[in-house]
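I have placed the structure first, in the form of structure tokens, so that the comments after it can refer back to it.
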Amino acid sequence: SRLVVLVSGSGTNLQALLDAIDAHPGGAEGFGAEVVAVGADRENIAGLERAEKVGIPTFVCPVKAYGSREEWDTALTDATGAHAPDLVVSAGFMKIVGKAFIDRFGGRFINTHPALLPAFPGAHGVRDALAYGAKVTGCTVHFVDSGVDTGPIIAQGVVEIRDEDDEAALHERIKEVERQLLVDVVGRLARHGYRIEGRKVTIQ
Ligand code: GRF
Numbered sequence: 004s005r006l007v008v009l010v011s012g013s014g015t016n017l018q019a020l021l022d023a024i025d026a027h028p029g030g031a032e033g034f035g036a037e038v039v040a041v042g043a044d045r046e047n048i049a050g051l052e053r054a055e056k057v058g059i060p061t062f063v064c065p066v067k068a069y070g071s072r073e074e075w076d077t078a079l080t081d082a083t084g085a086h087a088p089d090l091v092v093s094a095g096f097m098k099i100v101g102k103a104f105i106d107r108f109g110g111r112f113i114n115t116h117p118a119l120l121p122a123f124p125g126a127h128g129v130r131d132a133l134a135y136g137a138k139v140t141g142c143t144v145h146f147v148d149s150g151v152d153t154g155p156i157i158a159q160g161v162v163e164i165r166d167e168d169d170e171a172a173l174h175e176r177i178k179e180v181e182r183q184l185l186v187d188v189v190g191r192l193a194r195h196g197y198r199i200e201g202r203k204v205t206i207q
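Going by UniProt numbering, the first residue of the sequence shown is number 4, and it counts up by one from there.
Quick look at the structure:
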């Protein structure tokens with residue numbers, strides 16, 4: 004499978020995918036997927052540097068470079084589509100895509116979220132779980148639908164919240180689980196194919 008990965012920040016989830024593909028005895032062929040491009044909504048982030056370092060094409064669509072949100076969404080859709088992805092992976096991409104993107108990639112567009120959806124959706128899932136006093140949280144890999152963090156869930160990982168946790172410490176512990184969960188899910192979706200029926204995801 005051809006993967007396009009969308010990032011907005013440090014790109015450690017992207018790096019985990021690149022490392023897993025690289026470490027697979029059969030390489031991209033064996034893993035079942037290769038990262039053909041990395042896209043972002045902003046310049047000068049580590050996520051883009053991680054791709055550039057290994058010669059993976061990148062593209063950047065800053066929202067403010069376009070006259071409207073719809074124009075941005077169309078530009079992002081076209082820039083992503085130019086790489087003919089089989090699967091689009093949002094790994095720390097911090098923008099909500101619009102109708103054009105979902106129309107084009109819905110059903111083959113996944114996101115990783117640092118909380119146990121449907122709990123704590125949105126941009127501050129780690130902070131919200133901590134503030135709420137939850138005892139466990141975790142991460143969720145799901146298909147993206149027209150809502151925010153509402154699509155069919157593929158896999159989840161649980162992480163305990165410790166009394167001494169602050170947001171950064173908890174997020175780092177979540178990311179350790181999240182990176183492995185994402186690599187496992189992407190590999191399985193790519194190698195085995197999958198079906199989505201309502202909210203149920205079946206990996207063949
Ligand atoms: C991840 O925890 C992701 O779930 C959240 O932001 C983080 C991005 O981390 N939305 P990175 O850019 O992959 O290091």
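Quick reminder that beta carbons are idealized off the backbone N, C-alpha and C, glycines included.
Keep in mind the model is a prediction, meaning the values are calculated, not measured.
- Excluding five sequence positions before and after L90, the CB atoms of its chain that fall closer than 6 Å to its own CB belong to S4, L6 and R111, given in chain order.
- In the structure shown, Y135 falls within a helical segment according to DSSP collapsed to helix, strand and coil.
- Separation of V57 and G190 (C-alpha to C-alpha, rounded to the nearest whole angstrom) is 20 Å.
- The Cβ atoms of L20 and A94 lie closer than 9 Å to each other.
- Its chain contains no residue whose beta carbon lies nearer than 6 Å to that of A85 once the 5 sequence neighbours on both sides are disregarded.
- Look at I157: its beta carbon is at least 8 Å from all of the heavy atoms in the ligand GRF.
- Put simply, the residues with a CB less than 7 Å from any heavy atom of the ligand GRF are V10, S11, G12, S13, G14, T15, N16, L17, G50, A94, G95, M97, T115, H116, P117, C142, H174, I177, K178 and E181, in chain order.
- Taking the Cα of G50 as reference, the smallest distance to any Cα among T80, S13 and A36 is reached at S13.
- An exposed status is given to K138, since fewer than 16 other beta-carbon atoms sit within 10 Å of its beta-carbon.
- Ranked by Cα distance from Q183, the options D22, V10, L9 and S11 are led by D22.
- For Q159, the enclosing beta strand (DSSP E) has its first and last residue at I156 to E163.
- The C-alpha of D169 lies about 8 Å from the C-alpha of L133.
- Between G42 and N114, the alpha-carbon positions lie close to 14 Å from each other.
- E73 sits close to G101, with the two beta carbons spaced by under 9 Å.
- One Cα belongs to D106, the other to I59, and the distance between them is close to 26 Å.
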